[in-house]
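S.K.: Just dropping this structure here.
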Amino acid sequence: MDTPASGSSHAKIILIGEHSVVYHQPAIALPLPAVRESVTLAYRNDGVQQLISRYYTGARHSGPKQLGGINELIDELLARFDATDLGFDLTINSHLPAERGMGSSAATAVAIIRALYQFLEQPLSHDQLLLDANISEKIIHGNPSGIDAATASAKNPIWFITGTAPVVIPFHMHGYLVVADSGIHGQTGLAVKAVAHFRETDPQLANQAIKGLGQLTYAAKTALANDRLADLGTIFDQAQARLQQLGVSHPQLDEMISVAKQNGALGAKLTGGGMGGCMICLAPDESTVTQIRLALANHGAAQSWVQPLKSEDTK
114 MDTPASGSSH AKIILIGEHS VVYHQPAIAL PLPAVRESVT LAYRNDGVQQ
164 LISRYYTGAR HSGPKQLGGI NELIDELLAR FDATDLGFDL TINSHLPAER
214 GMGSSAATAV AIIRALYQFL EQPLSHDQLL LDANISEKII HGNPSGIDAA
264 TASAKNPIWF ITGTAPVVIP FHMHGYLVVA DSGIHGQTGL AVKAVAHFRE
314 TDPQLANQAI KGLGQLTYAA KTALANDRLA DLGTIFDQAQ ARLQQLGVSH
364 PQLDEMISVA KQNGALGAKL TGGGMGGCMI CLAPDESTVT QIRLALANHG
414 AAQSWVQPLK SEDTK
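For the sequence shown, the numbering used here assigns the number 114 to the initial residue and increments by one for each residue that follows.
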């Protein structure tokens, strides 16, 4: 326990299926190991439990209410292992922006759990990791799907249908995924309500778009398993058209998507709840990645990340 412990995790994005997943269609979430989060836990002998992060530094229970989920998680784990009086400095180093659909809260939870179990010298199974992550996710999101925690701790894409357990799917792909932040907070709740209202006012058109997104998600699953980057790009474009039809895009996202396409992207779409947040696009090589990122930065992107698309079996 005298030796500092560490835990890590990573971001995630919804590759395809956002919004349609609410209506029993599948979605695919992709882990982003290139966008890391790490936690270190160091013992202190004065019994003080201090949190150190870019958002807040100070006594753990004196922080803003946004830390409620993390604190509930830590409280439960410390009580479980009879360590409530333990003093420590918990340092969170995250490259994930909040409220952008990248799973920042779940990534933080996964990293904290791994660090705490290591610090307390306790064995940790993957199933237990997901159960524990759900403690904080319930506080933060109310009724979490589990997809964020599953993807923040995964290596391959995750297939998800509401009401079923997330499943890892085959992944054989090479290329690059660029994720770009519009700088505008995503508004998932508002977007979900907008889709629900659209279904009430024009059920035929709305349901057609939702079903179409589901069909595209199945096609994306096939493309991911068979190294079909160009096909996946076409699927992105078709999915974005349906998301625009559902009214969940944003002018800034639309502009960024257009700019990415003009600069060599094979396909581009919003990711997550929409009405802000991030967009994603596909590039065949590093030079195209550089061109896309530069163009996006010149058209309002707050920041961007690159995730190489390759699996252990990619040749």
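We put the CB at the ideal spot given by N, CA and C, even for glycine.
#1: Does the beta-carbon of Gln321 have 16 or more other beta-carbons within 10 angstroms, so that it is buried, or is it exposed?
#2: From Ile405 to Asp294, what distance separates their C-alpha atoms?
#3: Which same chain residues end up closer than 6 Å to Thr153 when comparing Cβ atoms and leaving out the 5 residues on each side of it in sequence?
#4: Cys394 and Gly380 - do their beta-carbons sit closer together than 8 Å?
#5: Determine the closest residue to His208 out of Thr264, Ala263, Ala147, with distance taken between C-alpha atoms.
#6: Starting from the N-terminal side, write out each stretch of the alpha helix (DSSP H) that is 4 residues or longer and does not extend beyond the region 267-345.
#7: Out of curiosity, what's the CA-to-CA distance linking Asp240 and Glu250?
#8: With contact counted as at least three CB pairs below 8 Å, one residue from each stretch, are the region 133-141 and the region 330-345 in contact?
#9: Buried or exposed: where does Arg167 fall if 16 or more other Cβ atoms within 10 Å of its Cβ makes it buried?
#10: Any chance the region 194-201 sits against the region 218-236, with 3 or more Cβ pairs inside 8 Å?
#11: How many angstroms separate the CA atom of Ser238 from the CA atom of Asn247?
#12: Thinking C-alpha only, which one of Gly325, Leu337, Pro177 is nearest Gln358?
#13: Does the region 343-359 come close enough to the region 369-385 to have 3 or more Cβ pairs within less than 8 Å?
#14: Which value, in whole angstroms, describes the spacing of the CA atoms of Asp367 and Met215?
#15: Please classify His442: does DSSP put it in a helix, a strand, or coil?
#16: Have a look at the DSSP bridge pairing and note the partners of Thr204.
#17: Is Thr204 a contact residue of the ligand HEM, with contact defined as CB to any heavy atom under 7 Å?
#18: Would you mind reading off the limits of the alpha helix (DSSP H) that contains Met369?
M.R.: The relevant details are as follows:
#1: By the beta-carbon neighbour count (other beta carbons within 10 angstroms, threshold 16), Gln321 is exposed.
#2: Near 13 Å, if we compare the C-alpha coordinates of Asp294 and Ile405.
#3: So the qualifying residues of the chain are Pro117, Ser119, Thr204.
#4: With respect to Cys394, Gly380 sits close: the two C-beta atoms are nearer than 8 Å.
#5: Distance from the Cα of His208 is smallest, within the candidate group Thr264, Ala263, Ala147, for Ala147.
#6: Secondary structure in the region 267-345: the alpha helix (DSSP H) runs of 4 residues or longer, each lying completely within the stretch, are 301-314, 316-338 in chain order.
#7: Rounded to whole angstroms, Asp240 to Glu250 spans 15 Å at the Cα level.
#8: Between the region 133-141 and the region 330-345, the count of Cβ pairs shorter than 8 Å is three or higher; the stretches touch.
#9: Only exposed fits Arg167, as fewer than 16 other CB atoms lie within 10 angstroms of its CB.
#10: In short, these stretches touch, since the Cβ pair count reaches three.
#11: Taking the straight line joining both Cα atoms gives about 14 Å.
#12: If we check each option's Cα against that of Gln358, Gly325 comes out closest.
#13: Segment contact: the region 343-359 against the region 369-385, three or more CB-CB distances shorter than 8 Å; contact assigned.
#14: Computed Cα separation, rounded: 19 Å.
#15: Nothing in the structure corresponds to residue 442, since the chain is present only between 114 and 428.
#16: As a beta-bridge residue in DSSP terms, Thr204 pairs with Thr153, Ile165.
#17: Ligands in the displayed structure: none, and consequently the ligand HEM is not present.
#18: Here the alpha helix (DSSP H) through Met369 covers 364-375.
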